[in-house]
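Have a look at the structure below, then the notes.
In my numbering, the protein residues as written are 1014 to 1133.
In structure tokens, the structure reads:
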């Protein structure tokens, strides 16, 4: 294969990749009944992103407290703290040995956020 053929092949691959990315970005939300805050580590199934069920189950805790203890998705008997700021939720502070430890860390996080909040 000469240099010209290789260049054309790479250009075609790039165009196909760009079209597939554009097609994924223009799809509408197939499940509008899910919560507004999309949080947690997504699981990938055949090219589609799906929110972990334990994250969706903790939605009420996110609404009331701003944080929740979630069973770790990889480590058995471990918990992780998920916190929300607005519509963005993320894992905070590593792993914990129990749900209570994770919730204590969440309460501490929330207290620190309230102390450091800008005054109006």
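Ideal Cβ positions, reconstructed from N, Cα and C, are used throughout, including at glycine.
Candidates the options: closest to residue i by CA position
i, options, result
"residue 1096", "1028, 1111, 1077, 1130", "1077"
"residue 1119", "1072, 1129, 1104", "1104"
"residue 1068", "1090, 1131, 1102", "1102"
Segment limits, beta strand (DSSP E) that includes residue i
i, result
"residue 1101", "1101 to 1109"
"residue 1083", "1080 to 1084"
"residue 1098", "1092 to 1098"
Range covered by the alpha helix (DSSP H) that runs through residue i
i, result
"residue 1128", "1112 to 1128"
"residue 1089", "Looking at the DSSP string, residue 1089 is not in any alpha helix (DSSP H), and its letter there is neither H nor E."
"residue 1070", "1066 to 1070"
Nearest-angstrom Cα separation, counted from residue j out to residue i
i, j, result
"residue 1028", "residue 1022", "10 Å"
"residue 1019", "residue 1081", "51 Å"
"residue 1100", "residue 1065", "17 Å"
"residue 1098", "residue 1086", "22 Å"
"residue 1113", "residue 1084", "12 Å"
"residue 1127", "residue 1121", "10 Å"
"residue 1107", "residue 1094", "7 Å"
"residue 1092", "residue 1071", "13 Å"
"residue 1131", "residue 1073", "26 Å"
Integer Cβ distance of residue i from residue j, believed to fall under 8 Å
i, j, result
"residue 1079", "residue 1123", "6 Å"
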